[in-house]
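Visitor: Quick one: the structure is below, questions incoming.
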Amino acid sequence: MTLTETPLDAGTQADLESHFEATIARNDRIEPRDWMPDGYRRTLVRQIAQHAHSEIIGMQPEGNWISRAPSLRRKAILLAKVQDEAGHGLYLYSAAETLGVSRLELTEMLISGRQKYSSIFNYPTLSYADVGSIGWLVDGAAICNQVPLCRTSFGPYGRAMIRVCKEESFHQRQGYELLTTMMRGTDEQRAMVQESVDRFWWPALMMFGPPDADSPNTAQSMAWGIKRNTNDELRQKFVDMSVPQAEALGVTLPDPDLAWNDERAHYDFGQPDWDEFMQGVKGNGPCNAQRLAHRRRAHEDGAWVRAAATAFATKEATA
Ligand code: 3HC
Numbered sequence: 017m018t019l020t021e022t023p024l025d026a027g028t029q030a031d032l033e034s035h036f037e038a039t040i041a042r043n044d045r046i047e048p049r050d051w052m053p054d055g056y057r058r059t060l061v062r063q064i065a066q067h068a069h070s071e072i073i074g075m076q077p078e079g080n081w082i083s084r085a086p087s088l089r090r091k092a093i094l095l096a097k098v099q100d101e102a103g104h105g106l107y108l109y110s111a112a113e114t115l116g117v118s119r120l121e122l123t124e125m126l127i128s129g130r131q132k133y134s135s136i137f138n139y140p141t142l143s144y145a146d147v148g149s150i151g152w153l154v155d156g157a158a159i160c161n162q163v164p165l166c167r168t169s170f171g172p173y174g175r176a177m178i179r180v181c182k183e184e185s186f187h188q189r190q191g192y193e194l195l196t197t198m199m200r201g202t203d204e205q206r207a208m209v210q211e212s213v214d215r216f217w218w219p220a221l222m223m224f225g226p227p228d229a230d231s232p233n234t235a236q237s238m239a240w241g242i243k244r245n246t247n248d249e250l251r252q253k254f255v256d257m258s259v260p261q262a263e264a265l266g267v268t269l270p271d272p273d274l275a276w277n278d279e280r281a282h283y284d285f286g287q288p289d290w291d292e293f294m295q296g297v298k299g300n301g302p303c304n305a306q307r308l309a310h311r312r313r314a315h316e317d318g319a320w321v322r323a324a325a326t327a328f329a330t331k332e333a334t335a
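Just so we're aligned, residue 17 is where the sequence shown starts under my numbering, counting upward by one.
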């Protein structure tokens, strides 16, 4: 991936830097045509690409249950959701492309392990209740993380988030409704829901990234207006939102340290297993190899489609 910058004379460079800083300070948008520091561009390519990869890889765990959904209605809902995730990936790859990288380059970096996707998708979906837990907890966490990103300083990213967030609300609601239905069912169904929540709660907290004290990127991303909240702020917001939902659902969140703190006006909660998180980030999670192998196979199987589309576009352009 080559991000080149034409050399500028000192005066122009200083003007451009101060214009960039003033735009960020005013909470205005930086657009693709604007000058931006190399580090700003690199951070955006890294984060938007990882976000896009997460959407595409995230189709696998839920897609696993499309053919086994218990009714036509549940199958239609799940199909719609998984299709939405593909669309989210495409919006985000399009936003990344405005920074001078192609989705082919980004896909090759994902497949070769040089770029990441969200750790949450390295966990298996072992029961149908997982479809509900992913909707309720994973998409719920995604909403907490993505709503502030609607105000991110880079224009194309923020605008992509507005549509993504509207669709995420449907994703979260369908998951919660699925679990509510199961909780009104048999003892076996209630036990299936509780077992699923036990497996997905802590990985959902990990989605927000490491604690702020261990985050090498957060301070600079906040200064550039890429992030509007820190990892810990959003994790806390997610916990505060989820506890009453869990109570209404009738499930127990697997954290003995969870308790309302009147003084803080937030829930106190335990810490995820950050060693487990780092293992996932390094590619040693339960499903990392399976997810990448599947993505690699899909990319290879689709090579003929890309070649045909490119040949057609070239023929049209030279006709
Ligand atoms: N999974 C994998 N890697 C993670 C991670 C996670 N959950 N959280 C952090 N990391 C990585 C970072 O990429 C970084 O590594 P790098 O510098 O080599 O890229 C390192 O851990 C340190 O983390 P930082 O907090 O310093 O990194 P960031 O400032 O990038 O913050 C983030 C991490 C909060 C995930 C931020 O990148 C972000 O907000 N990204 C956009 C949202 C996103 O990607 N969400 C993923 C889920 S998409 C989804 O849920 C789809 C929904 O439809 C289900």
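Where is the CB? At the ideal position from N, CA and C, for every residue including glycine. Here the structure is a predicted model, which means the values were calculated and not measured.
Which term fits A92, buried or exposed, when burial requires 16 or more other beta carbons within 10 angstroms of its beta carbon?
Guide: exposed
Visitor: How far does the beta strand (DSSP E) with W276 in it extend, from its first residue to its last?
Guide: W276 -> beta strand (DSSP E) spans A275 to N277.
Visitor: Can M177 be considered in contact with the ligand ADP, in the sense that its beta carbon sits closer than 6 Å to one or more heavy atoms?
Guide: No copy of the ligand ADP appears in this structure; the ligands present are the ligand 3HC.
Visitor: By Cβ distance below 6 Å, which residues in the same chain neighbour A325 in space, the five residues on each side in sequence not counted?
Guide: none
Visitor: Please return the same chain residues whose Cβ sits closer than 8 Å to the Cβ of I159, not counting the five positions on each side in sequence.
Guide: C181, E184, S185 and Q188
Visitor: Going by DSSP, name the residue or residues bridged to Y283.
Guide: W276
Visitor: For L122, tell me which candidate among L142, R58 and I136 has the shortest Cα-Cα distance.
Guide: R58
Visitor: Within the same chain, show all residues whose beta-carbon is closer than 8 Å to that of M223, passing over the 5 residues directly before and after it, in chain order.
Guide: S134, S135, I136, V154, A157, A158 and N161
Visitor: Taking the alpha-carbon positions, what's the V147 to A68 distance?
Guide: 20 Å
Visitor: Going by DSSP, what residue range makes up the alpha helix (DSSP H) through F293?
Guide: W290 to V297
Visitor: How about the segment 78 to 85 and the segment 110 to 121: do they share at least three Cβ pairs that are nearer than 8 Å?
Guide: With a cut-off of 8 Å, the segment 110 to 121 and the segment 78 to 85 do not count as touching, because too few Cβ pairs lie within range.
Visitor: Reducing DSSP to helix, strand and coil, say where F224 ends up.
Guide: Three-state result, F224: coil.
Visitor: How many angstroms separate the CA atom of R119 from the CA atom of D284?
Guide: 41 Å
Visitor: In whole angstroms, give me the CA-to-CA distance for G318 and E249.
Guide: Taking the CA atoms as reference points, G318 sits about 40 Å from E249.
Visitor: Say yes only if the C-beta of T334 is nearer than 6 Å to one or more non-hydrogen atoms of the ligand 3HC, and no if none qualify.
Guide: no
Visitor: Out of V61, S149 and G266, which has the shortest C-alpha to C-alpha gap to W218?
Guide: Answer by Cα proximity: S149.
Visitor: Count Cβ pairs between the segment 226 to 240 and the segment 301 to 315 that sit closer than 8 Å; are there 3 or more?
Guide: No: fewer than three Cβ pairs fall under 8 Å.
Visitor: Comparing the CB of G74 with every heavy atom of the ligand 3HC, is any distance shorter than 6 Å?
Guide: yes
Visitor: Does DSSP put I46 in a helix, in a strand, or in coil?
Guide: strand
Visitor: With 16 other CB atoms within 10 Å as the buried threshold, where does Q29 fall?
Guide: Classification of Q29: exposed, given that the 10 Å Cβ count is below 16.
Visitor: Return yes when at least one heavy atom of the ligand 3HC lies under 6 Å from the C-beta of P232, else no.
Guide: yes
Visitor: Given a threshold of 16 other Cβ atoms within 10 Å of its Cβ, counted over all protein chains shown, does R90 qualify as buried or as exposed?
Guide: So R90 counts as buried.
Visitor: Would the beta-carbon of I72 fall within 7 Å of that of R312?
Guide: Not in contact: I72 and R312 (Cβ atoms no closer than 7 Å).
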